[in-house]
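Undergrad: Chains as they are written, first to last, in the working numbering: chain C, 9 to 179; chain B, 9 to 179.
Cβ atoms here follow ideal geometry from the backbone N, Cα and C, with glycine treated the same way.
1) What would DSSP say about residue 56 of chain B, mapped onto helix, strand or coil?
2) Going along the chain, which residues of its own chain have a beta-carbon closer than 6 Å to the beta-carbon of residue 114 of chain C, five neighbours each way excluded?
3) Assign residue 11 of chain B to buried or exposed, taking buried as 16 or more other Cβ atoms, counted over all protein chains shown, within 10 Å of its Cβ.
4) Check whether the Cβ of residue 151 of chain C lies closer than 7 Å to any Cβ atom in chain B.
5) With 7 Å as the threshold, decide whether the Cβ of residue 13 of chain C is near any Cβ in chain B.
6) Using only alpha-carbon positions, find the residue among B/148, B/48, B/82, B/127 that is nearest to residue 21 of chain B.
7) Around the Cβ of residue 31 of chain B, are there at least 16 other Cβ atoms within 10 angstroms (buried) or fewer (exposed)?
8) Using alpha carbons as the reference points, say which of C/78, C/155, C/169, C/70 lies closest to residue 89 of chain C.
9) Please report how far the alpha carbon of residue 165 of chain C lies from the alpha carbon of residue 77 of chain B, in whole angstroms.
10) Does any residue of chain C have a CB that is nearer than 7 Å to the CB of residue 143 of chain B?
11) Quick one: using the 10 Å Cβ neighbour count with 16 as the cut-off for buried, is residue 84 of chain B buried or exposed?
12) Since residue 160 of chain C and residue 67 of chain C are thought to touch, with beta carbons under 8 Å apart, how far apart are those beta carbons, to the nearest angstrom?
13) So that I know if they touch, is there some Cβ in chain C lying closer than 7 Å to that of residue 102 of chain B?
14) May I ask you to report which of helix, strand or coil DSSP gives residue 13 of chain C?
15) Alpha carbon to alpha carbon, how far is residue 139 of chain B from residue 75 of chain B? Give it in angstroms, no decimals.
16) Kindly indicate which three-state DSSP category residue 155 of chain C falls into: helix, strand or coil?
17) Using a Cβ-Cβ cutoff of less than 6 Å, which residues in the same chain neighbour residue 135 of chain C once the five nearest sequence positions on both sides are dropped?
18) Reducing DSSP to helix, strand and coil, say where residue 91 of chain B ends up.
19) Leaving out the 5 sequence neighbours to the left and right, which residues in its chain are closer than 7 Å to residue 105 of chain B when beta-carbon positions are compared?
20) Compare the C-alpha of residue 59 of chain C against each of C/167, C/157, C/120 and name the closest.
21) Below 8 Å on the Cβ atoms is my guess for residue 142 of chain B versus residue 17 of chain B; work out the distance and round it to an integer in Å.
22) With distances taken Cα to Cα, identify the nearest neighbour of residue 108 of chain B among B/93, B/82, B/151, B/171.
23) Residue range of the beta strand (DSSP E) that residue 133 of chain B falls in?
24) Any beta carbon of chain C sitting closer than 7 Å to that of residue 21 of chain B?
25) Residue 125 of chain B CB to nearest chain C CB: under 7 Å?
26) Where does residue 49 of chain C sit, in a helix, a strand or coil, going by DSSP?
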């Protein structure tokens, strides 16, 4: 099967979200062992004027599901409530997104590099090609929030390393 | 032009390294205004047992140049000396990698999804397909180190936001 827009998006999201879910599991175990309320972790910010931990995970999830839908020309799932209060609930959100991604077939995304993707950024309506949107917006944002998720737990003291971030070996 | 391995790698590296170079420029201006020795910034670690700032930039650069070469079947550039002592020197390293990437044409990388990529990870010789290598190793590692570069400066107090991380609008 030739490499195309599907191969450059869905499997990356799947692998990375799977890895982040395991990182969250380690975070929960770490908190439980130290009797740290998970609400504390959910609210950690790298610096006060940056979004908290919970939002990092939620935004990564959103970029994955939203870009899959947009590239496939499918209806974008309605904005999530972002009501998760624990790391376990964040893992549930990830699981739901993984289920959603599983439903996409290569034929739905392949060829979408030229598809017009219209979205509003900072209040401004903009149109990109599928390629511009995936490589210039979706992927960098997705990895940004996944890495920040990892970094917050790493800095908090959870025993994780880059191997945890990378997750399972490439398939 | 169809979307392939070139479109999924080289332009992403170019855009992201360009953005990181500007982030480093803001870091230098911030340090100069506060009379902070750049050697201090080069050595900042998010947590003591994590690689310092300078290495984050150097590793991101290395993943970009190394993966470009491997996917194209070209000779991998010799390991760099990583001798940079200032943010300006790191920007010089980025500029050299951008020059190097500029030399690759789509025809050299497109079709490399099935190419056998042999490398040694943690002392173990492993072989991946080009697709596995790009999407499971090169891109996640590249973005990991670019995001960590950003995060260290952000946490230090440099006035940057995610827009700086993302860089110029997608072309």
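TA: According to the structure data:
1) The residue labelled residue 56 of chain B in the question sits at position 48 within the second chain. Note: residue 56 of chain B maps to coil in three-state DSSP.
2) Stepping through the first chain from its first residue, residue 114 of chain C is reached at position 106. Here the set comprises 14.
3) By 1-based counting over the second chain, the position of residue 11 of chain B is 3. With 16 or more other Cβ atoms within 10 Å, it is buried.
4) Translated into the one-based positions of the first chain, residue 151 of chain C becomes position 143. Interface residue, yes.
5) In the first chain, residue 13 of chain C corresponds to position 5, counting from 1. So, interface residue.
6) Along the second chain, one-based indexing puts residue 21 of chain B at 13. Among B/148, B/48, B/82, B/127, the Cα nearest to that of residue 21 of chain B belongs to B/148.
7) For the purposes of this step, residue 31 of chain B is taken as residue 23 along the second chain, with counting starting at 1. Label assigned to residue 31 of chain B: buried.
8) Working through the first chain from its first residue, we reach residue 89 of chain C at position 81. Taking only the C-alpha atoms, the option nearest residue 89 of chain C is C/70.
9) Taking the first residue of the first chain as 1, we reach residue 165 of chain C at position 157. Taking the first residue of the second chain as 1, we reach residue 77 of chain B at position 69. Spanning the two alpha carbons is a distance of roughly 37 Å.
10) Working through the second chain from its first residue, we reach residue 143 of chain B at position 135. For residue 143 of chain B, the answer is yes, since a Cβ of chain C falls inside 7 Å of its Cβ.
11) In the second chain, counting from the first residue as 1, residue 84 of chain B sits at position 76. Exposed, because fewer than 16 other Cβ atoms sit within 10 Å of the Cβ of residue 84 of chain B.
12) Locating residue 160 of chain C in the first chain gives position 152, counting from the first residue. Locating residue 67 of chain C in the first chain gives position 59, counting from the first residue. The Cβ separation is near 13 Å, so there is no contact.
13) Mapped onto the second chain, residue 102 of chain B falls at position 94. No, because no Cβ of chain C sits closer than 7 Å to the Cβ of residue 102 of chain B.
14) The count along the first chain starts at 1 and reaches residue 13 of chain C at position 5. In the structure shown, residue 13 of chain C sits in coil (DSSP, three-state: anything other than H, G, I, E or B).
15) Sequence index remark: in the second chain, residue 75 of chain B carries index 67 (1-based). Sequence index remark: in the second chain, residue 139 of chain B carries index 131 (1-based). If I take the Cα positions, the gap works out to 11 Å.
16) Working through the first chain from its first residue, we reach residue 155 of chain C at position 147. If DSSP states are grouped into helix, strand and coil, residue 155 of chain C belongs with the helices.
17) Indexing the first chain from 1 puts residue 135 of chain C at position 127. Same-chain partners within the cutoff: 124, 126.
18) Indexing the second chain from 1 puts residue 91 of chain B at position 83. Here residue 91 of chain B sits in coil by DSSP.
19) Here the question's residue 105 of chain B lines up with position 97 in the second chain. Result list for residue 105 of chain B: 25, 69, 72, 73, in chain order.
20) Taking the first residue of the first chain as 1, we reach residue 59 of chain C at position 51. Residue 59 of chain C has its Cα closest to that of C/157, out of C/167, C/157, C/120.
21) The sequence position of residue 142 of chain B within the second chain is 134, counting from 1. The sequence position of residue 17 of chain B within the second chain is 9, counting from 1. Yes, residue 142 of chain B and residue 17 of chain B are in contact; Cβ-Cβ is about 6 Å, under 8 Å.
22) Mapped onto the second chain, residue 108 of chain B falls at position 100. Minimum Cα distance to residue 108 of chain B is reached at B/82.
23) As a working note, residue 133 of chain B is residue 125 in the second chain. Looking at the DSSP string, the run of the beta strand (DSSP E) that includes residue 133 of chain B is 132–137.
24) On the second chain, residue 21 of chain B is found 13 positions in, with the first residue counted as 1. So no, residue 21 of chain B is outside the interface.
25) To locate residue 125 of chain B, count along the second chain from 1; it is residue 117. So, not an interface residue.
26) Within the first chain, the letter at position 41 stands for residue 49 of chain C. If DSSP states are grouped into helix, strand and coil, residue 49 of chain C belongs with the helices.
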